[in-house]
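One point on numbering: in this note's numbering, the residue at position 284 of the sequence shown is 808, and numbering is uninterrupted. All C-beta atoms, glycine included, are put in the ideal place defined by N, C-alpha and C. Fair warning: this is a prediction, and the values are worked out from it, not measured in the lab.
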Amino acid sequence: MTIQFSTKNFPQADLQSAKHIKSGLKSLLAQSTDCLVLGYSKQDFESFAGNKNAKAKSGVLHELDALLGGSLTHAKLLGELEGVQGSTCLLKSGPTWSATAIKAKRVLLLNVGDQHDSSDKGLPAFAKVARGGLKTLSGGVIENAIWFAPSLSGTKSAQSIANEVRLTIQYAGDQAYRFGVRQPSMKFKAKDKADAFKHLIIASNDASAKEIKLAVEEGAALVEGMNLAKDLGNLPPNVCTPTYLGKTAQGLSKKTQLKVEVLGLKQIEALGMGSFLSVAKGSETPPQFIVMRHQGGKAGEAPIVLVGKGITFDTGGISLKPGEAMDEMKYDMCGAASVIGTMYATALMKLKKNVIGVVPTCENMPSGKATRPGDIVKSMSGQTIEILNTDAEGRLILCDALTYVERFKPKVVIDIATLTGACVIALGHVHSGLFSDDDNLVTALTKAGHDSLDTVWRLPLDAAYHEQLKSNFADVANIGGRPAGSVTAACFLSRFTEKYKWAHLDIAGTAWKSGAAKGATGRPVPLLVNFLLEQK
């Protein structure tokens, strides 16, 4: 892990109660830490600033200013303490601090906004505050901090505070991630340096201690899953091959209670996965079919199944892609990476549910053995497929995996794939595309996306789109032309999912970033983990 997370409870530290503010602040300031992080509201600021419309001078900023020997008054005069949501103010230890037994070296104040304005509440608003605070903590000399979560929440609901804590840890882990630090064997001209900030302590009081402790455990597991997904995505394709993915999954079974099975070429052939094999045949690298099982629920309980597209490099095959930015096609296995990362997080959390991760993985390469446009193949389901474009290969490996998982009699199946450039055109890099005919499943995934700020947007699956997939020579064509490309791709997959509840996530626009910030994002691990946590 690139950052450590832990918890600490301050039983009576209630900064929203006038009766307990002073004693609560004293107990927090008495902790030896590089930085104590506290929240304050617009109302706290107006009271401290002497706004004539504010209530009589009182509150957390007044008490804190008295304990810190006027540090806040000085910061306000300098314009460093503001009343705008998301603003930060970093106070550093002075002579008066040590004289009054204050052990915190710094105090970071974060403005959480207007307590009475709905636009200043909710996770998106909180995210703005949390990101500002974490950015201040990172990249300098601060090595550890105590983050007093109840003071940063606009609600007294322990569960809402827990959701905010999980999001805080998600962002902290994301900010601390350094590929070069985690993969030192990769030779870089300019090596990544680990952030000095290494330990975030999430503090609670008795009203929220139980929920916050669980949220920190869940958040830490989520970060580990995201880190693994990013590592797999960022590794070069000559390292992260189908065999490497298989060995990575098997390695997780030694760290956790995951049960992992990796099927090779002969086993895949025996299963009749002609569609999957049609993509793999152009490569010298053998395909793998990975099955990961987390048995946290009751015996016989229907599992949630996650299926991830694992094309470790996509040239387009005979329908060769343009050369520009083709290196980014190493990210075409980010669906697989997200499934492996989610399964790892699930195992670390010891989630009390049955979850199965399935990854069909291979390369899509041009060669004398490669599948040609116009070839017809037989899928595991028995349906024949006319391959009109070999660059529409993700759906060809997924359809056999979606047939394979019928044997698990699943509660629900979600496939995750960097499937279509058309989804990037439709949604850009903000939302992942969501396709499903099950309204309850759509609602659950949308909520999980909102709770993790790893958002999705529903796109249609109307029967009329299936007309574009008609073939004169087979049961179905693998493409339906340029119009509604992401929709027809999802419609193709839906033909293999009629025996269970199913949703498809197209993450082509969200799985990685290009340009100066080039790298895997770890999405949609947060969405999937939150979905699993929220399932009854």
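Per DSSP, Arg982 forms a beta bridge with which residues?
-> Leu958
Ser728 in three-state terms, based on DSSP = In the three-state reduction of the DSSP assignment, Ser728 falls in the strand class, which pools E and B.
With contact counted as at least three CB pairs below 8 angstroms, one residue from each stretch, are the stretch 687 to 700 and the stretch 717 to 725 in contact? yes
Own chain partners of Ala578 with C-beta closer than 8 angstroms, once the 5 adjacent residues on each side are dropped: Any reading at Ala578 must be qualified, since the residue scores a pLDDT of 48, below 50, and its modelled position is unreliable; no value is offered.
Check: Taking the alpha-carbon positions, what's the Asn996 to Glu808 distance?
Finding: 32 angstroms
Margin query: I'd like to know whether the C-beta atoms of Leu769 and Thr866 end up nearer to each other than 9 angstroms.
Written below: no
query = Who are the near neighbours of Gly1043 in its chain, counting only those whose CB is closer than 8 angstroms to its CB and skipping five residues on each side?
reply = Phe703, Lys754, Gly757, Asn758, Trp1036, Lys1037
Contacting residues, own chain, Cβ-Cβ under 7 angstroms from Glu606 (five flanking each side not counted):
Asn635
Notebook entry, point to check: Would you report the Cα separation of Val608 and Tyr564, rounded to the nearest angstrom?
Noted result: Their backbone Cα atoms lie some 10 angstroms apart in a straight line.
Next item on the list: Tell me the start and end of each unbroken beta strand (DSSP E) in the stretch 612 to 698 that is at least 3 residues and wholly inside, in chain order.
Entry: 612 to 616, 630 to 637, 668 to 672
Self-check item: Closest by C-alpha distance to Leu658, when choosing among Lys680, Lys629, Val689
Solution: Val689
- request: Could you tell me which of Asp558, Leu592, Ile527 sits nearest to Lys550, measuring between CA atoms?
  value: Leu592
*asked:* As a quick exercise: from Leu830, Met857, Ser843, Asn668, pick the residue whose alpha carbon is nearest that of Ala720.
replied: Asn668
In this structure, how does DSSP classify Ala1041 when only helix, strand and coil are distinguished? helix
*Using 8 angstroms as the cut-off, classify the Cβ of Glu667 as near or not near the heavy atoms of the ligand GDP, replying yes or no.*
Annotation note on the ligand GDP: not contained in the displayed structure, which lists no ligands.
Item to check | Pairwise C-alpha distance: Gly646 and Val831 | outcome: 31 angstroms
### Query
Considering only the beta carbon of each residue, do Ile736 and Asp558 sit closer than 9 angstroms?
no
Check: Does DSSP classify Pro522 as helix, strand or coil?
Finding: Here the chain has residues from 525 to 1060 only, and residue 522 is not among them.
**Alpha carbon of Asn728 to alpha carbon of Leu738, nearest angstrom** = One point to set straight first is that residue 728 is Ser, not Asn, in the sequence displayed. If I take the Cα positions, the gap works out to 12 angstroms.
Return the CA-CA distance between Ala1089 and Ala826, expressed in angstroms with no decimal places. Shown here, the chain extends from 525 to 1060; a query on residue 1089 therefore has no answer.
Start and end of the alpha helix (DSSP H) containing Glu785?
Looking at the DSSP string, Glu785 is not in any alpha helix (DSSP H); the run it does join, the beta strand (DSSP E), is 783 to 787.
Per DSSP, Met816 is paired with what? Met816 pairs with Val784, Gly881.
Determine the contact status of Val584 and Leu602, defining contact as a CB-CB distance below 9 angstroms.
No, the Cβ-Cβ distance between Val584 and Leu602 is not below 9 angstroms.
query: Which word fits Gly1039, buried or exposed, when buried means at least 16 other C-beta atoms lie within 10 angstroms of its C-beta?
result: exposed
Just curious, the beta strand (DSSP E) that Ser843 is in, first and last residue?
-> Unbroken run through Ser843: none, as it is neither H nor E.
field: Proximity of Val883 and Phe813 at Cβ, strictly below 9 angstroms
entry: yes
Distance between His586 and Gly749 (C-alpha atoms, nearest Å)
42 angstroms
I think Asn1054 touches Ala941, with their Cβ atoms under 8 angstroms apart; what is that distance to the nearest whole Å? So it is not a contact: roughly 19 angstroms between Cβ atoms.
**Study point:** Residue closest to Gly663, alpha-carbon to alpha-carbon, out of Lys627, Asn751, Tyr701
**Key:** Tyr701
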